[in-house]
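Novice: Using numbering that gives the first Met the number 0, read the sequence shown as starting at 0 and increasing by one per residue.
Glycine included, every Cβ here is placed at the ideal spot set by N, Cα and C.
Once you've had a glance at the structure underneath, I'll fire off some questions.
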Amino acid sequence: MARVVQAADVRQRLLAWYAATARDLPWRHTRDPYAILVAEVMLQQTQVDRVIPKWQVWLNRFPTLQALASASRADAIRAWQGLGYNMRAVRLHAIAGQAMAEYQGELPREVGGLLTLKGVGRYTAGAVACFAYEQPVAMVDTNIRRVLSRVFGVAPGGVEQLADDVLPADAAYPWNQALMDLGATLCRAREPLCLACPLVDLCDGPGLLPPRAPSASGEAFRGSRRYYRGRLVDAVRGLPDGGSIGFAELVAQVAALPDYGRVQALAQQLVRDGLLSVDDDGRARLPI
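Here you go:
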């Protein structure tokens with residue numbers, strides 16, 4: 000009973016706070032499931048301020064699922080430049096093709112159907128179902144997990160069930176957006192702004208979640224696996240349309256001794272991932 004009472008108070012306060020302070024994000028002005036899917040995929044591991052202009056450019060280039068499915072994978076990879084984690088572009092392109100082949104060019108309305116799309120996990124499926132189709136669906140991303148764990152005093156592993164239990168079915172859209180806004184702006188992983196939080200006197204405190212490890216320094220990132228993968232894709236993405244480069248030349252251009260063997264292995268992995276293509280003559284290019 001205590002949690003039920005607490006949840007009612009939390010919902011009332013958090014929804015009122017969101018109504019007054021909601022971030023003005025462009026994907027909140029649409030119910031187009033494709034546009035919302037693109038936003039959710041771009042927002043994975045990328046900051047909002049970097050996503051906003053890229054989201055708008057992407058939708059101008061590929062305004063519909065059909066437009067994206069009709070484009071080449073190389074077009075999608077080129078359009079993704081600047082966002083990092085290039086596999087996300089490949090996954091979006093594959094989803095568009097699957098939607099055209101299996102769902103008459105539309106995205107399914109229900110979580111179960113959305114989960115049949117290649118590369119769509121439970122959070123993204125819930126986000127599209129709720130934010131596009133206004134289904135009463137709970138979802139848990141990093142921000143939501145942190146907020147619910149702290150407010151209700153629940154270990155992180157129990158948040159999925161909690162999210163279902165406290166979801167207001169008649170206000171799922173603003174509730175989920177409010178949880179994300181609170182986690183992004185006040186209930187931060189480090190140095191939370193508790194005194195500004197509308198739930199401060201209802202919250203069990205920030206002690207349940209382990210502190211987030213500090214971000215890698217620029218120097219550490221420069222030699223990381225993700226750094227070299229991004230450099231390899233950028234080198235091929237910068238070629239003229241239809242251009243190619245010798246695979247060995249590509250690796251040598253990106254690798255810094257003594258990392259040649261490691262970068263070569265990463266380039267081969269990019270081929271397996273569908274981000275690079277190598278022809279019989281050993282020349283690398285973006286995939287068709």
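Quick check: what's the CA-CA separation for Gly83 versus Arg225?
Specialist: Rounded to the nearest angstrom, the two C-alpha atoms are 9 Å apart.
Novice: How many angstroms separate the CA atom of Leu207 from the CA atom of Ala168?
Specialist: In this predicted model, Leu207 has a pLDDT of only 47, less than 50, meaning its place in the structure is not dependable enough to derive any value.
Novice: According to the Cβ coordinates, are Val110 and Gly125 closer than 8 Å?
Specialist: Their beta carbons are under 8 Å apart, which means Val110 touches Gly125 by this criterion.
Novice: By the three-class DSSP mapping on this structure, what secondary structure does Gln268 have?
Specialist: Helix.
Novice: Could you tell me the alpha carbon to alpha carbon distance between Val37 and Pro197, rounded to whole angstroms?
Specialist: Computed Cα separation, rounded: 31 Å.
Novice: How far does the beta strand (DSSP E) with Arg30 in it reach, from first residue to last?
Specialist: Looking at the DSSP string, Arg30 is not in any beta strand (DSSP E), and its letter there is neither H nor E.
Novice: Do Ala234 and Leu249 come within 8 Å of each other at the CB atom, strictly closer than that value?
Specialist: Taking 8 Å as the Cβ cut-off, Leu249 and Ala234 qualify as a contacting pair.
Novice: Which residues in the same chain have their Cβ closer than 8 Å to the Cβ of Leu269, if we skip the five residues on either side of it in sequence?
Specialist: Arg228, Leu231, Val232 and Leu275, listed in sequence order.
Novice: In the structure shown, what three-state DSSP assignment does Arg282 receive?
Specialist: Note: Arg282 maps to strand in three-state DSSP.
Novice: For Gly245, which of helix, strand or coil comes out of DSSP?
Specialist: DSSP places Gly245 in strand when its eight states are reduced to three.
Novice: When the Cα of Ser243 is compared with those of Phe151, Asp272, Arg284 and Val158, which residue comes out closest?
Specialist: Here the closest residue by C-alpha is Arg284.
Novice: DSSP state of Gly273, grouped into three classes?
Specialist: Coil.
Novice: Give the range of the alpha helix (DSSP H) segment to which Gln97 is assigned.
Specialist: Gln97 -> alpha helix (DSSP H) spans Met86 to Glu101.
Novice: Is the beta carbon of Gln65 less than 8 Å from the beta carbon of Gly104?
Specialist: Against a cut-off of 8 Å, the Cβ pair of Gly104 and Gln65 comes out as a contact.
Novice: Measure the alpha-carbon distance for Gln252 versus Asp258 and round it to whole angstroms.
Specialist: Straight-line Cα distance between these residues: approximately 12 Å.
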